[in-house]
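Residue numbers (UniProt numbering): 1 to 450.
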Amino acid sequence: MNGRRPVSPPLRALPGLLRKLAVDRLGMMRDAAALDDAVLVSMGPKKLFVFNRPDYAKHVLADNAANYRKGIGLIESRKMLGDGLLTSEGELWREQRRTVQPAFRPARVAAQADAVAEETMNLRDLLMRRGADGPVDVLQEVTGFTLGVLGRTVLNTDLGGYGGIAHAFEAVQDQAMFDMVTQNMVPTWAPLATQRRFRRARRELIRTVDELVADRSARMTDGEEADDAFSLMIAAARRQTDPRTGQGRLRDELVTLLLAGHETTASTLAWTLLLLARHPHMRDLVREEARGVLADGRAPDAGDLRKLTYTTQVVQEAMRLYPPVWILPRVARQSDEVGPYSVSAGADVLICPYTLHRHPDLWERPEQFDPGRFDPARVADRPRYAYIPFGAGPRFCVGSNLGMMEAVFVTALLTRDLVLEVVPGDERTPEPMMSLRMRGGLPMTVRPVR
């Protein structure tokens, strides 16, 4: 291969970059993006390529996706997620994707609109009740909402009694990041606080998943043709020749679906509501649109999605600034050329939507919150892979349509009926884990619109 070598940070900068891998991953990615659109960081024999252009992202994630397997961060997540849809590879991944795909067909998602709307109304009422007593952690409440929607629409299972799932997943992600930074050199049995928390969380998740599987299996009748993802996964597990293999895969798939199915949407909702609170003029525009489309206080339905155009743009812009999938790590199976650059076999490759969405050559005033960027006329002039909040290529998020429905319904309805304000003096910062979480929750005051 005769491609060029990307620029590398000066040797004096390497210690700072590596320290940021542990304590400031977004800062590390911003530093790399500031150097160039293609950067090579060498850590002894380990090579890390960072690419920050739409055509480079397209090549790695779509055009030559078969040459790249899941990479740093997701590899470490296998301790808890096993071989679920986020971490599996090859034929196993394709089989898992085919299994759950019917549950996320556009027509089926549209048919779940009433359930999503009902959960949205419940969330509004809950915030009104709790807001009467003082500030409410809105992130916690929207996390409960997304779990409820996941249970009703995707799993055909009531997750109302399983609120501890979210906290367990926080511990799992903390462990994955710890393992990434320490290169898996610290065993999980070590008597460290992070390890103990992870072991407790793993036991809790396994117990929860086993309970859910037992309950859903008991409710499935012979010959039932249910189209929810849980039933499809159980049916696939029963077709396995080895029952233990089937049960193991089912557990991995359900754990992954529980994590991916609620956390990314909850994060998007929290960032959207925070941004609107910081930009009252845009919040007023959302309220005006919601009052026109959802007149007389009614709940939204499937047909309203295409009418809530400005609200949709607000959600899209929130995901530009704070993409739920903030990093897409890969490992090159074979040597490759990405644009003019040579990538060696076995090298780590990072595509970072967080920095790509802020590229100054692609976005005017990239740090500014401007929903108008997603007006169709402006979108038409932008490279397709400049905006990839749900990933891209074969591994594009299977639940993106449902996630957008949830985010648009909640943003429209809560803004129509409530005033959500940030607690004075409170600053929120992103926490880059498997998704771009909001550190420390989102305390807000809540009052009805007058």
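No residue lacks a Cβ here, since even glycine has one placed at the ideal position from N, Cα and C.
When the beta-carbon positions are compared, residue 389 and residue 70 stay at least 8 Å from each other. Secondary structure at residue 329: strand, using DSSP grouped into helix, strand and coil. If you draw a straight line from the Cα of residue 212 to the Cα of residue 412, it comes to about 32 Å.
Membership of residue 432 in any alpha helix (DSSP H) is not indicated; the residue belongs instead to the beta strand (DSSP E) covering 430-432. The C-beta distance from residue 354 to residue 29 rounds to 6 Å, short enough to meet the 8 Å contact threshold. When rounded, the separation of the alpha-carbon atoms in residue 429 and residue 174 is 17 Å. With contacts defined by Cβ atoms closer than 8 Å, residue 166 and residue 143 form a contacting pair. Per DSSP, residue 422 is one residue of the beta strand (DSSP E) stretching across 418-422. DSSP lists 4, 338 as the bridge partner or partners of residue 341. With a cutoff of 8 Å on beta-carbon distance, residue 275 and residue 405 are scored as not near each other.
For residue 445, the enclosing beta strand (DSSP E) starts and ends at 443-448.
Between the C-alpha atoms of residue 444 and residue 135 there is a straight-line separation of about 5 Å.
Secondary structure of residue 136 (DSSP, three-state): strand.
At a Cβ-Cβ threshold of 8 Å, residue 448 and residue 54 do not count as neighbours. Here residue 253 is buried. Its C-beta has 16 or more other C-beta atoms within 10 Å. Of all alpha-carbon atoms in 217, 140, 339, 313, the one lying nearest the alpha-carbon of residue 373 is that of 313. Sequence-distant Cβ neighbours of residue 441 in its own chain, meaning closer than 7 Å and more than five residues away, are 137, 139, 140. Within 10 angstroms of the beta-carbon of residue 230 lie 16 or more other beta-carbons, which makes it buried. Relative to residue 332, the option among 47, 365, 362, 300 whose CA is nearest is 47. In the DSSP assignment, residue 38 falls within the unbroken beta strand (DSSP E) covering 38-43. Closest in C-alpha terms to residue 432, from the list 208, 207, 264, 11, comes 264. Sequence-distant Cβ neighbours of residue 426 in its own chain, meaning closer than 7 Å and more than five residues away, are 443. With contacts defined by Cβ atoms closer than 8 Å, residue 38 and residue 51 form a contacting pair.
Residue 94 counts as exposed, since fewer than 16 other C-beta atoms from the protein chains shown sit within 10 angstroms of its C-beta.
Of the residues 271, 255, 361, 450, the one whose Cα lies closest to the Cα of residue 369 is 271. Secondary structure note for residue 436: its beta strand (DSSP E) is the uninterrupted segment 436-438. Taking 8 Å as the cut-off, the Cβ atoms of residue 83 and residue 249 count as close. Annotation: residue 56 is outside any beta strand (DSSP E); the continuous alpha helix (DSSP H) that includes it extends over 54-58. Note on the region 340-382: whole alpha helix (DSSP H) runs with a minimum of 4 residues are 353-356, 376-379, in chain order. Contact between residue 387 and residue 57 fails: their C-beta atoms lie close to 10 Å from each other, not under 8 Å.
In terms of CA proximity to residue 150, 259 leads the group 259, 415, 321, 450.
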